[in-house]
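Below you'll find the structure, written out as structure tokens, and then a few comments.
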Amino acid sequence: MAMNKIGGKSNTGDGGEQPSRMEPLADGSRNPKRSAIKQVASGRFGVSSYYLTNADELQIKMAQKSYKTKQYKKGFKAADAILK
94 MAMNKIGGKS NTGDGGEQPS RMEPLADGSR NPKRSAIKQV ASGRFGVSSY YLTNADELQI
154 KMAQKSYKTK QYKKGFKAAD AILK
């Protein structure tokens, strides 16, 4: 939301965006919670025609690297620290 308020463009990431964030405000202006840039990945999670038409820009992920279980080392998750 902060990026939108200062004129920047926020990005949804490849997980989609809640439809309520894209609804215009009562006066018809854009919702400040709306992300200007929408991402679409191969899984198309949360992607609908409504999602796509509410984008100023689209980012389409063409490929994603996969890791073998033995070589991949799980990274630190900030969520665990926040829960404490």
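Position in the sequence shown (from 1) plus 93 gives the number in our numbering.
Idealized CB from N, CA, C, for every residue including glycine.
| Item | Value |
| --- | --- |
| Proximity winner among Ser128, Asp149, Ala156, relative to Gly109 (alpha-carbon distances) | Ser128 |
| Rounded C-alpha distance that separates Ser113 from Asn97 | 16 Å |
| Alpha-carbon to alpha-carbon, Ala119 and Gly106 | 27 Å |
| Environment of Lys131 [buried if 16+ CB atoms lie within 10 Å] | buried |
| Every unbroken beta strand (DSSP E) within the stretch 106–151, with a cutoff of 3 residues, ordered by chain | 130–133 |
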